[in-house]
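Following: one structure in structure tokens, then a few remarks.
Quick look at the structure:
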């Protein structure tokens, strides 16, 4: 009897420990011994609330054994983080322009930084308050055309957009995948297009044989015509939703980024990601402080914390994107560092950055206005010829109904 009791207790304790471990004990913790506590604790009793705006699923949050970065920052600094998620650079830009949000720290992409600098929306950084940035961030990223003197932004992640697809449904060699696949009517209603104008126009530009970042307004208009015609074969225009739809096989081709794609590939082995043979769309996501930030020193502290070696390492492991942090990069396994889908050649960013800086003029505004109006106009889902056919059918039905009513009156 006692043997059975001991056995039962052992089983209960074993399963209890497993459940406890799964839910709590494997979360990565911050090693404070590696940090300058005098730096991080100097605002601890100031009751500061820091408004941080970032993309969804774009910081380690304690799930899947990762570090809860915001919680660790709050614990060490005493600063409360009000974390806000946005869906596009254009959304953040509009809110800053209209002064409808009080952001302190934002995460803008390279091309929108050009415009934010021109319109005094973000402020020059005080690098004396950013020791981890100076020590750990690759200087290469502070010489790019979107922020040529490296004064306004700190690189957060970088990489390249490409095509994510289901190998069961698309029997094409990875090296043959190109942007044209997004315009193939054979995949009608299974295509997910990017909601971001830059990614959408890159796909159309490549399809038409233009420079991926063309500044020619005639070419931009031709690409827009192609995007309008494409709409009737597109299932949806998405951002983060693409991860779930592709993973769950509710769609089987779309535009996304290397970091996100590899996360989905781990969850569904039918999924693959390829940089199109005509070229991908390089990007650098950055951290910046808004011109009207209320907590400037705390904002610097938050950016610096993200650039600490352990924090940056935990973050890049969780979100899957390439890190510009050389200290964190050293800790990653070679199979990740050598994967060109995550870490493409940095040289491609130089040309991209130059062209998007040139694009931020009339042609760039034209592209974004066309795209935003297009997304807001749901009536253009069908191309003109199908709208015409639909209208003719409706007209015929109405005429038949009127004719029937007319005959009934005569009878």
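Numbering (the numbering used here), first residue to last: 1 to 411.
We put the CB at the ideal spot given by N, CA and C, even for glycine.
Please read these numbers as outputs of a predicted model, since none were measured by experiment.
Item: Residue 412, buried or exposed, once every other Cβ within 10 Å from all chains shown has been counted against 16; Value: The requested residue 412 is not part of the displayed model; the chain covers only 1 to 411.
Item: 7 angstroms Cβ shell around residue 336 - same chain, five flanking residues per side excluded; Value: 342
Item: Rounded straight-line distance, which links the Cα of residue 38 to that of residue 199; Value: 43 angstroms
Item: Three-state secondary structure assigned by DSSP to residue 68; Value: strand
Item: Close beta carbons around residue 317, own chain, < 8 angstroms, minus the five adjacent residues each side; Value: 60, 66, 332
Item: Expected contact under 8 angstroms - CB spacing of residue 104 and residue 50 to nearest Å; Value: 5 angstroms
Item: CB-CB length for residue 137 against residue 315, believed under 8 angstroms; Value: 13 angstroms between Cβ atoms; not a contact.
Item: Span of the alpha helix (DSSP H) around residue 260; Value: 258-267
Item: Element boundaries [beta strand (DSSP E), containing residue 165]; Value: 154-166
Item: Beta-carbon proximity list for residue 215, same chain, < 6 angstroms, skipping 5 on both sides; Value: 358, 359, 363
Item: Supposed contact pair residue 356 and residue 114 - C-beta distance, whole angstroms, cut 8 angstroms; Value: 7 angstroms
Item: C-beta contact flag for residue 125 and residue 151 at 9 angstroms; Value: yes
Item: Residue-level contact to chain D via CB, residue 293, 9 angstroms cutoff; Value: Here chain D cannot be found, since the structure has a single protein chain.
Item: Local Cβ density within 10 Å of residue 269, reported as buried at 16 or more and exposed below that; Value: exposed
Item: Residue 401 (DSSP reduced to helix, strand or coil); Value: helix
Item: Alpha-carbon to alpha-carbon, residue 365 and residue 80; Value: 37 angstroms
Item: Given residue 277 as reference, the closest of 172, 197, 132 once Cα atoms are compared; Value: 172
Item: Unbroken alpha helix (DSSP H) run spanning residue 220, endpoints; Value: 217-230
Item: Beta-carbon separation (whole angstroms), residue 70 vs residue 58, contact threshold 8 angstroms; Value: The pair is not a contact, with the Cβ atoms about 12 angstroms apart (cut-off 8 angstroms).
Item: Three-state secondary structure assigned by DSSP to residue 80; Value: strand
Item: The region 160-180 in contact with the region 248-262 per 3-pair CB rule at 8 angstroms; Value: yes
Item: Rounded straight-line distance, which links the Cα of residue 156 to that of residue 290; Value: 16 angstroms
Item: Residue range of the alpha helix (DSSP H) that includes residue 348; Value: 347-359
Item: Residue 372 vs residue 239 beta-carbon contact at 9 angstroms; Value: no
Item: Boundaries of the alpha helix (DSSP H) in which residue 236 is found, first to last residue; Value: Segment 234-238 is the beta strand (DSSP E) holding residue 236; no alpha helix (DSSP H) there.
Item: C-alpha gap between residue 159 and residue 283, whole angstroms; Value: 6 angstroms
Item: Residue 184 versus residue 252 - alpha carbon distance; Value: 13 angstroms
Item: Close beta carbons around residue 353, own chain, < 7 angstroms, minus the five adjacent residues each side; Value: 110, 144, 145, 146
Item: Distance CB(residue 346)-CB(residue 140) smaller than 9 angstroms; Value: yes
Item: Through-space distance from residue 93 to residue 45, alpha-carbon basis; Value: 32 angstroms
Item: Unbroken beta strand (DSSP E) run spanning residue 273, endpoints; Value: 271-274
Item: The region 243-252 touching the region 203-211, judged by at least three CB pairs closer than 8 angstroms; Value: no
Item: Close beta carbons around residue 234, own chain, < 7 angstroms, minus the five adjacent residues each side; Value: 191, 193
Item: Given residue 48 as reference, the closest of 310, 320, 330, 75 once Cα atoms are compared; Value: 75
Item: Neighbour-count burial assignment, residue 254, 16 or more Cβ in a 10 Å radius; Value: buried
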